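In this note's numbering, the protein residues as written are 73 to 483.
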(Lines of atoms letter the chains of each structure in order from A and count residues from 1; the text may use other names and numbers.)
(Lines give C-alpha, C1' and ligand atoms only; values in the text may rest on other atoms or scores of the structure.)
Protein backbone atom coordinates (compact mmCIF):
# COMPACT_ATOMS: atom_id res chain seq x y z
CA UNK A 1 0.00 0.00 0.00
CA UNK A 2 1.36 3.41 -0.99
CA UNK A 3 2.01 5.88 1.81
CA UNK A 4 0.43 9.32 1.52
CA UNK A 5 2.61 12.36 0.87
CA UNK A 6 1.99 15.97 1.90
CA UNK A 7 3.64 19.35 1.35
CA UNK A 8 4.78 20.94 4.60
CA UNK A 9 7.22 23.65 3.47
CA UNK A 10 7.70 25.86 0.41
CA UNK A 11 10.41 28.20 -0.85
CA UNK A 12 10.49 30.43 -3.93
CA UNK A 13 12.90 32.80 -5.65
CA UNK A 14 11.24 34.45 -8.65
CA UNK A 15 11.35 37.55 -10.85
CA UNK A 16 8.58 39.03 -8.66
CA UNK A 17 9.98 38.19 -5.24
CA UNK A 18 13.07 36.88 -3.44
CA UNK A 19 11.01 34.85 -0.99
CA UNK A 20 7.80 32.86 -0.89
CA UNK A 21 5.55 35.50 0.66
CA UNK A 22 6.54 38.24 -1.78
CA UNK A 23 6.37 35.90 -4.78
CA UNK A 24 2.94 34.56 -3.89
CA UNK A 25 1.53 38.03 -3.16
CA UNK A 26 2.83 39.33 -6.50
CA UNK A 27 1.57 36.34 -8.49
CA UNK A 28 -1.82 36.42 -6.78
CA UNK A 29 -2.15 40.12 -7.62
CA UNK A 30 -1.04 39.74 -11.25
CA UNK A 31 2.23 41.63 -10.93
CA UNK A 32 4.53 41.56 -13.95
CA UNK A 33 8.19 40.57 -13.53
CA UNK A 34 9.38 40.89 -17.14
CA UNK A 35 11.71 43.73 -18.15
CA UNK A 36 14.70 44.61 -20.31
CA UNK A 37 17.74 42.41 -19.63
CA UNK A 38 20.34 43.91 -17.30
CA UNK A 39 22.54 40.82 -16.81
CA UNK A 40 24.48 41.47 -20.04
CA UNK A 41 24.35 43.71 -23.11
CA UNK A 42 21.55 42.18 -25.16
CA UNK A 43 21.27 45.00 -27.70
CA UNK A 44 22.31 42.75 -30.60
CA UNK A 45 19.85 39.97 -29.71
CA UNK A 46 16.42 39.54 -31.32
CA UNK A 47 14.88 39.16 -27.85
CA UNK A 48 16.16 41.60 -25.24
CA UNK A 49 13.76 40.91 -22.39
CA UNK A 50 13.60 38.38 -19.55
CA UNK A 51 12.22 37.67 -16.12
CA UNK A 52 15.36 38.34 -14.08
CA UNK A 53 15.66 37.79 -10.34
CA UNK A 54 16.65 41.14 -8.85
CA UNK A 55 18.24 41.93 -5.51
CA UNK A 56 18.77 38.33 -4.37
CA UNK A 57 21.77 38.08 -2.02
CA UNK A 58 23.17 34.53 -1.80
CA UNK A 59 25.08 35.47 1.34
CA UNK A 60 21.75 35.29 3.16
CA UNK A 61 21.98 31.50 2.72
CA UNK A 62 25.58 30.65 1.80
CA UNK A 63 28.92 31.51 3.42
CA UNK A 64 30.45 34.45 1.57
CA UNK A 65 33.66 32.54 0.81
CA UNK A 66 31.65 29.80 -0.92
CA UNK A 67 29.41 31.99 -3.08
CA UNK A 68 32.00 32.42 -5.84
CA UNK A 69 32.43 28.63 -6.05
CA UNK A 70 28.88 28.16 -7.32
CA UNK A 71 26.90 29.20 -10.38
CA UNK A 72 23.84 31.35 -9.74
CA UNK A 73 21.39 28.46 -10.26
CA UNK A 74 22.93 26.81 -7.19
CA UNK A 75 22.49 30.03 -5.19
CA UNK A 76 18.79 30.16 -6.05
CA UNK A 77 18.27 26.47 -5.34
CA UNK A 78 19.95 26.61 -1.94
CA UNK A 79 17.98 29.74 -1.04
CA UNK A 80 14.64 28.17 -1.98
CA UNK A 81 15.53 24.93 -0.15
CA UNK A 82 16.51 26.87 2.98
CA UNK A 83 13.19 28.73 2.90
CA UNK A 84 11.26 25.50 2.45
CA UNK A 85 12.99 23.72 5.30
CA UNK A 86 12.56 26.70 7.61
CA UNK A 87 8.89 26.95 6.62
CA UNK A 88 8.32 23.25 7.27
CA UNK A 89 9.83 23.24 10.74
CA UNK A 90 11.41 19.88 9.94
CA UNK A 91 14.61 19.35 11.92
CA UNK A 92 17.16 17.00 10.37
CA UNK A 93 18.87 15.17 13.22
CA UNK A 94 21.07 12.12 13.71
CA UNK A 95 17.90 10.14 14.31
CA UNK A 96 16.19 10.92 10.99
CA UNK A 97 19.03 12.04 8.67
CA UNK A 98 19.11 8.78 6.71
CA UNK A 99 15.38 9.09 6.01
CA UNK A 100 15.53 12.65 4.59
CA UNK A 101 16.61 13.15 0.98
CA UNK A 102 17.07 15.87 -1.61
CA UNK A 103 15.88 15.95 -5.23
CA UNK A 104 16.47 19.35 -6.84
CA UNK A 105 17.03 19.53 -10.59
CA UNK A 106 17.72 22.07 -13.31
CA UNK A 107 17.05 22.11 -17.02
CA UNK A 108 20.31 23.73 -18.11
CA UNK A 109 22.42 24.25 -14.98
CA UNK A 110 25.54 26.37 -14.81
CA UNK A 111 25.67 27.78 -18.32
CA UNK A 112 26.79 31.30 -17.25
CA UNK A 113 29.66 29.81 -15.25
CA UNK A 114 30.60 27.67 -18.26
CA UNK A 115 30.58 30.74 -20.52
CA UNK A 116 32.90 32.64 -18.16
CA UNK A 117 35.22 29.66 -17.75
CA UNK A 118 35.53 29.27 -21.50
CA UNK A 119 36.26 32.96 -21.91
CA UNK A 120 38.99 32.66 -19.30
CA UNK A 121 40.49 29.69 -21.11
CA UNK A 122 40.50 31.50 -24.45
CA UNK A 123 42.18 34.53 -22.91
CA UNK A 124 44.65 32.83 -20.60
CA UNK A 125 44.88 29.14 -21.39
CA UNK A 126 44.21 26.15 -19.12
CA UNK A 127 45.80 27.77 -16.08
CA UNK A 128 42.87 30.19 -16.00
CA UNK A 129 40.32 27.41 -15.46
CA UNK A 130 39.06 27.48 -11.88
CA UNK A 131 39.32 24.32 -9.78
CA UNK A 132 35.69 24.99 -8.90
CA UNK A 133 34.58 25.00 -12.55
CA UNK A 134 33.07 21.51 -12.58
CA UNK A 135 31.33 21.50 -9.16
CA UNK A 136 30.09 25.04 -9.82
CA UNK A 137 28.39 24.00 -13.04
CA UNK A 138 26.99 20.47 -12.79
CA UNK A 139 23.32 20.13 -12.05
CA UNK A 140 23.38 17.66 -9.16
CA UNK A 141 25.42 20.02 -6.99
CA UNK A 142 22.30 21.83 -5.79
CA UNK A 143 21.08 18.63 -4.17
CA UNK A 144 24.63 17.91 -3.06
CA UNK A 145 25.10 21.25 -1.32
CA UNK A 146 21.69 21.13 0.37
CA UNK A 147 22.43 17.61 1.61
CA UNK A 148 25.81 18.67 2.99
CA UNK A 149 24.52 21.87 4.57
CA UNK A 150 21.65 20.14 6.40
CA UNK A 151 23.07 16.66 6.91
CA UNK A 152 20.37 14.94 4.84
CA UNK A 153 21.69 11.40 4.21
CA UNK A 154 18.73 9.90 2.35
CA UNK A 155 18.28 9.70 -1.45
CA UNK A 156 20.25 12.42 -3.22
CA UNK A 157 19.32 12.88 -6.87
CA UNK A 158 18.90 15.54 -9.57
CA UNK A 159 16.33 15.39 -12.34
CA UNK A 160 17.09 16.90 -15.77
CA UNK A 161 14.09 16.89 -18.10
CA UNK A 162 14.18 20.36 -19.63
CA UNK A 163 11.07 22.37 -18.75
CA UNK A 164 9.47 19.42 -16.94
CA UNK A 165 12.38 19.14 -14.48
CA UNK A 166 10.77 20.66 -11.38
CA UNK A 167 7.57 18.67 -11.73
CA UNK A 168 9.41 15.41 -12.36
CA UNK A 169 11.64 16.09 -9.35
CA UNK A 170 8.64 16.58 -7.07
CA UNK A 171 6.77 13.59 -8.47
CA UNK A 172 9.79 11.30 -8.24
CA UNK A 173 10.50 12.48 -4.69
CA UNK A 174 6.90 11.78 -3.69
CA UNK A 175 7.27 8.26 -5.08
CA UNK A 176 10.38 7.70 -2.96
CA UNK A 177 8.31 8.52 0.12
CA UNK A 178 5.28 6.53 -1.03
CA UNK A 179 7.32 3.37 -1.43
CA UNK A 180 9.41 3.77 1.73
CA UNK A 181 12.81 4.89 0.44
CA UNK A 182 12.54 8.11 2.46
CA UNK A 183 10.24 9.75 4.98
CA UNK A 184 10.86 13.30 3.79
CA UNK A 185 12.29 14.89 0.64
CA UNK A 186 13.41 18.40 -0.28
CA UNK A 187 12.36 18.64 -3.93
CA UNK A 188 11.99 21.09 -6.80
CA UNK A 189 13.84 22.91 -9.55
CA UNK A 190 16.16 25.86 -10.11
CA UNK A 191 17.44 27.81 -13.12
CA UNK A 192 19.60 30.85 -13.84
CA UNK A 193 20.48 31.03 -17.53
CA UNK A 194 19.70 34.59 -18.57
CA UNK A 195 23.00 34.61 -20.44
CA UNK A 196 24.21 35.26 -24.00
CA UNK A 197 24.36 31.61 -25.06
CA UNK A 198 20.95 30.71 -23.65
CA UNK A 199 19.25 33.79 -25.07
CA UNK A 200 21.02 33.33 -28.40
CA UNK A 201 20.15 29.66 -28.60
CA UNK A 202 16.47 30.09 -27.86
CA UNK A 203 16.29 33.10 -30.17
CA UNK A 204 17.92 31.12 -32.99
CA UNK A 205 15.15 28.53 -32.67
CA UNK A 206 12.54 31.31 -32.97
CA UNK A 207 11.10 30.39 -29.57
CA UNK A 208 11.29 33.78 -27.83
CA UNK A 209 9.03 36.79 -27.80
CA UNK A 210 10.53 39.85 -29.48
CA UNK A 211 8.09 42.35 -27.95
CA UNK A 212 11.09 44.32 -26.70
CA UNK A 213 9.34 47.68 -26.46
CA UNK A 214 6.61 46.27 -24.22
CA UNK A 215 8.36 43.75 -21.97
CA UNK A 216 5.57 43.84 -19.41
CA UNK A 217 3.13 42.63 -22.09
CA UNK A 218 5.37 40.11 -23.84
CA UNK A 219 4.43 36.96 -21.94
CA UNK A 220 0.79 36.43 -22.90
CA UNK A 221 -0.27 32.77 -22.68
CA UNK A 222 -3.40 31.85 -24.63
CA UNK A 223 -3.71 35.35 -26.11
CA UNK A 224 -4.22 35.65 -29.87
CA UNK A 225 -1.16 37.91 -30.19
CA UNK A 226 1.29 35.66 -28.36
CA UNK A 227 4.47 35.08 -30.36
CA UNK A 228 6.92 33.28 -28.11
CA UNK A 229 7.94 32.70 -24.53
CA UNK A 230 9.96 35.01 -22.29
CA UNK A 231 12.93 33.48 -20.49
CA UNK A 232 12.71 33.58 -16.70
CA UNK A 233 14.84 32.39 -13.80
CA UNK A 234 14.57 31.46 -10.13
CA UNK A 235 13.80 28.41 -8.00
CA UNK A 236 10.91 26.59 -6.40
CA UNK A 237 11.53 23.96 -3.72
CA UNK A 238 9.15 22.18 -1.38
CA UNK A 239 9.43 19.83 1.58
CA UNK A 240 7.46 16.62 1.13
CA UNK A 241 6.71 14.33 4.06
CA UNK A 242 4.93 11.10 4.80
CA UNK A 243 1.49 12.23 5.92
CA UNK A 244 1.22 10.47 9.28
CA UNK A 245 4.67 11.62 10.37
CA UNK A 246 3.85 15.21 9.42
CA UNK A 247 0.58 15.09 11.36
CA UNK A 248 2.31 13.54 14.36
CA UNK A 249 4.80 16.39 14.63
CA UNK A 250 2.09 19.00 14.19
CA UNK A 251 3.27 20.30 10.83
CA UNK A 252 1.20 22.74 8.80
CA UNK A 253 0.14 20.98 5.60
CA UNK A 254 -0.41 23.00 2.42
CA UNK A 255 -1.70 20.20 0.22
CA UNK A 256 -1.38 16.49 -0.47
CA UNK A 257 0.46 15.10 -3.50
CA UNK A 258 -2.37 12.93 -4.75
CA UNK A 259 -1.17 11.80 -8.17
CA UNK A 260 1.76 11.88 -10.57
CA UNK A 261 1.79 11.20 -14.31
CA UNK A 262 4.52 10.92 -16.91
CA UNK A 263 4.54 10.37 -20.66
CA UNK A 264 6.48 10.96 -23.87
CA UNK A 265 5.18 12.48 -27.09
CA UNK A 266 7.66 10.45 -29.15
CA UNK A 267 7.09 13.04 -31.85
CA UNK A 268 9.61 15.93 -32.21
CA UNK A 269 12.65 17.45 -30.49
CA UNK A 270 10.97 20.70 -29.51
CA UNK A 271 7.35 20.76 -30.73
CA UNK A 272 4.48 18.99 -28.96
CA UNK A 273 2.42 16.53 -30.95
CA UNK A 274 -0.28 18.22 -33.02
CA UNK A 275 -3.25 16.93 -31.05
CA UNK A 276 -1.66 17.04 -27.59
CA UNK A 277 -2.02 13.28 -27.22
CA UNK A 278 1.12 12.93 -25.09
CA UNK A 279 0.09 15.71 -22.72
CA UNK A 280 -3.42 14.31 -22.45
CA UNK A 281 -2.07 10.86 -21.64
CA UNK A 282 0.14 12.37 -18.93
CA UNK A 283 -2.82 14.15 -17.30
CA UNK A 284 -4.92 10.98 -17.39
CA UNK A 285 -2.13 9.02 -15.70
CA UNK A 286 -1.89 11.60 -12.89
CA UNK A 287 -5.65 11.72 -12.32
CA UNK A 288 -5.84 7.91 -12.26
CA UNK A 289 -2.88 7.74 -9.86
CA UNK A 290 -4.76 10.13 -7.57
CA UNK A 291 -7.78 7.80 -7.75
CA UNK A 292 -9.93 10.69 -8.94
CA UNK A 293 -12.20 11.37 -11.89
CA UNK A 294 -11.57 14.33 -14.23
CA UNK A 295 -14.65 16.02 -12.79
CA UNK A 296 -12.97 16.15 -9.37
CA UNK A 297 -10.36 18.63 -10.61
CA UNK A 298 -11.25 22.31 -10.16
CA UNK A 299 -8.07 24.12 -11.22
CA UNK A 300 -5.32 23.53 -13.78
CA UNK A 301 -2.03 25.39 -13.48
CA UNK A 302 -1.11 25.18 -17.14
CA UNK A 303 2.30 24.84 -18.73
CA UNK A 304 1.09 27.84 -20.78
CA UNK A 305 4.34 29.17 -22.19
CA UNK A 306 2.93 31.85 -24.55
CA UNK A 307 4.01 30.07 -27.73
CA UNK A 308 1.50 29.96 -30.60
CA UNK A 309 1.59 26.19 -31.02
CA UNK A 310 2.14 25.08 -27.41
CA UNK A 311 -0.79 26.92 -25.86
CA UNK A 312 -3.17 25.67 -28.54
CA UNK A 313 -2.04 22.07 -28.10
CA UNK A 314 -2.31 22.21 -24.31
CA UNK A 315 -5.84 23.57 -24.63
CA UNK A 316 -6.73 20.69 -26.94
CA UNK A 317 -5.21 18.21 -24.49
CA UNK A 318 -7.19 19.62 -21.56
CA UNK A 319 -10.39 19.36 -23.59
CA UNK A 320 -9.55 15.79 -24.51
CA UNK A 321 -9.05 14.78 -20.88
CA UNK A 322 -11.88 16.71 -19.25
CA UNK A 323 -14.58 16.70 -21.93
CA UNK A 324 -17.52 18.92 -20.98
CA UNK A 325 -15.95 19.56 -17.57
CA UNK A 326 -13.15 21.51 -19.31
CA UNK A 327 -15.50 24.49 -19.58
CA UNK A 328 -15.96 24.47 -15.80
CA UNK A 329 -12.25 24.41 -14.99
CA UNK A 330 -10.26 27.42 -13.90
CA UNK A 331 -7.01 27.39 -15.92
CA UNK A 332 -4.17 29.87 -15.51
CA UNK A 333 -0.51 30.36 -16.37
CA UNK A 334 1.97 31.80 -13.88
CA UNK A 335 4.38 32.31 -16.78
CA UNK A 336 2.38 35.35 -17.83
CA UNK A 337 4.01 37.12 -14.87
CA UNK A 338 7.42 35.53 -14.36
CA UNK A 339 8.23 34.13 -17.79
CA UNK A 340 9.32 30.58 -18.48
CA UNK A 341 11.70 29.51 -15.74
CA UNK A 342 12.64 26.29 -17.59
CA UNK A 343 13.79 23.71 -15.03
CA UNK A 344 12.49 25.83 -12.16
CA UNK A 345 9.04 26.29 -13.69
CA UNK A 346 7.51 23.11 -12.29
CA UNK A 347 8.87 23.80 -8.81
CA UNK A 348 7.44 27.31 -8.68
CA UNK A 349 4.18 26.34 -10.36
CA UNK A 350 3.78 23.33 -8.08
CA UNK A 351 4.07 25.65 -5.09
CA UNK A 352 1.64 28.12 -6.65
CA UNK A 353 -0.84 25.27 -7.18
CA UNK A 354 -0.48 24.16 -3.55
CA UNK A 355 -0.94 27.73 -2.29
CA UNK A 356 -3.97 28.20 -4.55
CA UNK A 357 -5.62 25.21 -2.85
CA UNK A 358 -4.45 26.29 0.61
CA UNK A 359 -5.67 29.88 0.31
CA UNK A 360 -8.69 29.25 -1.91
CA UNK A 361 -7.38 31.74 -4.47
CA UNK A 362 -6.68 31.04 -8.15
CA UNK A 363 -3.91 33.23 -9.62
CA UNK A 364 -4.67 35.00 -12.90
CA UNK A 365 -3.32 34.85 -16.42
CA UNK A 366 -2.32 38.43 -17.23
CA UNK A 367 -2.00 40.04 -20.68
CA UNK A 368 -4.97 38.06 -21.95
CA UNK A 369 -6.41 40.85 -24.06
CA UNK A 370 -7.48 39.18 -27.28
CA UNK A 371 -9.52 36.02 -27.44
CA UNK A 372 -8.01 33.19 -29.49
CA UNK A 373 -10.67 30.88 -30.95
CA UNK A 374 -8.26 27.97 -30.51
CA UNK A 375 -7.77 28.78 -26.82
CA UNK A 376 -11.30 29.05 -25.47
CA UNK A 377 -11.18 27.86 -21.85
CA UNK A 378 -11.56 29.93 -18.67
CA UNK A 379 -8.02 31.22 -18.17
CA UNK A 380 -8.86 33.47 -15.17
CA UNK A 381 -7.97 36.65 -17.06
CA UNK A 382 -6.20 39.54 -15.33
CA UNK A 383 -7.50 39.11 -11.76
CA UNK A 384 -7.21 36.34 -9.18
CA UNK A 385 -10.39 34.49 -8.29
CA UNK A 386 -11.61 33.26 -4.92
CA UNK A 387 -12.36 29.58 -5.45
CA UNK A 388 -12.10 26.60 -3.14
CA UNK A 389 -11.09 23.67 -5.34
CA UNK A 390 -10.74 20.21 -3.83
CA UNK A 391 -8.06 19.13 -6.28
CA UNK A 392 -5.80 20.82 -8.82
CA UNK A 393 -3.54 19.73 -11.62
CA UNK A 394 -0.14 21.14 -12.57
CA UNK A 395 1.32 20.55 -16.05
CA UNK A 396 4.93 20.74 -17.25
CA UNK A 397 6.12 19.74 -20.72
CA UNK A 398 9.71 19.78 -21.98
CA UNK A 399 11.90 19.57 -25.06
CA UNK A 400 12.34 16.01 -26.20
CA UNK A 401 8.62 15.41 -25.74
CA UNK A 402 8.83 14.73 -22.00
CA UNK A 403 5.67 15.41 -19.97
CA UNK A 404 4.94 15.58 -16.23
CA UNK A 405 1.71 16.23 -14.33
CA UNK A 406 0.98 16.47 -10.62
CA UNK A 407 -2.41 16.28 -8.97
CA UNK A 408 -2.58 18.05 -5.62
CA UNK A 409 -5.44 17.66 -3.15
CA UNK A 410 -6.73 20.19 -0.66
CA UNK A 411 -6.40 19.19 3.01
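All residues carry an ideal CB built from backbone N, CA and C; glycine is no exception.
Keep in mind the model is a prediction, meaning the values are calculated, not measured.
{"Query": "Neighbour flag for residue 471 against chain D, beta carbons, 9 Å", "Result": "Absent from the structure: chain D. Only one protein chain is present."}
{"Query": "Which of helix, strand or coil DSSP assigns to residue 144", "Result": "helix"}
{"Query": "Proximity to residue 414 [Cα-Cα], best of 394, 454, 391 and 467", "Result": "467"}
{"Query": "Delimiting residues of the beta strand (DSSP E) encompassing residue 327", "Result": "327-336"}
{"Query": "Euclidean distance between Cα positions of residue 213 and residue 237", "Result": "15 Å"}
{"Query": "Residues that DSSP places opposite residue 79 in a beta bridge", "Result": "312 and 327"}
{"Query": "Close Cβ partners of residue 464 (< 6 Å) along its chain, the five nearest in sequence each way excluded", "Result": "371, 425, 429 and 480"}
{"Query": "Which of helix, strand or coil DSSP assigns to residue 222", "Result": "helix"}
{"Query": "Collapsed DSSP secondary structure at residue 138 in the structure displayed", "Result": "helix"}
{"Query": "Buried versus exposed, by CB contacts within 10 Å (16 or more), residue 291", "Result": "buried"}
{"Query": "Counterpart residues of residue 453 in DSSP-defined beta bridges", "Result": "437"}
{"Query": "Spatial neighbours of residue 200 in its chain, beta-carbon cut-off 7 Å, leaving aside the 5 residues before and after", "Result": "192 and 193"}
{"Query": "Beta-carbon proximity check, residue 263 vs residue 148, cutoff 9 Å", "Result": "yes"}
{"Query": "Residue from 447, 115 and 265 whose Cα sits closest to the Cα of residue 181", "Result": "265"}
{"Query": "Residue 235 in three-state terms, based on DSSP", "Result": "helix"}
{"Query": "Given 8 Å, three or more beta-carbon pairs between the stretch 301-313 and the stretch 438-455", "Result": "no"}
{"Query": "CB-CB length for residue 308 against residue 420, believed under 8 Å", "Result": "3 Å"}
{"Query": "Any alpha helix (DSSP H) of 4 or more consecutive residues that is wholly inside the stretch 147-235", "Result": "183-196, 205-209 and 213-222"}
{"Query": "C-alpha distance - residue 306 paired with residue 127, whole-angstrom precision", "Result": "12 Å"}
{"Query": "Residue of 129, 118, 82 and 350 minimising C-alpha distance to residue 276", "Result": "118"}
{"Query": "Residues that residue 240 bridges to, as DSSP identifies them", "Result": "Partner(s): none; residue 240 has no beta bridge."}
{"Query": "Three or more C-beta pairs below 8 Å linking the stretch 137-144 and the stretch 372-384", "Result": "no"}
{"Query": "Length of the line joining the Cα atoms of residue 94 and residue 129", "Result": "15 Å"}
{"Query": "Neighbourhood of residue 250 by C-beta, 7 Å cutoff - its chain only, sequence neighbours within 5 removed", "Result": "74, 75 and 77"}
{"Query": "When 85, 91, 80 and 99 are compared against residue 455, the one with the closest alpha-carbon", "Result": "99"}
{"Query": "C-beta contact flag for residue 478 and residue 239 at 9 Å", "Result": "yes"}
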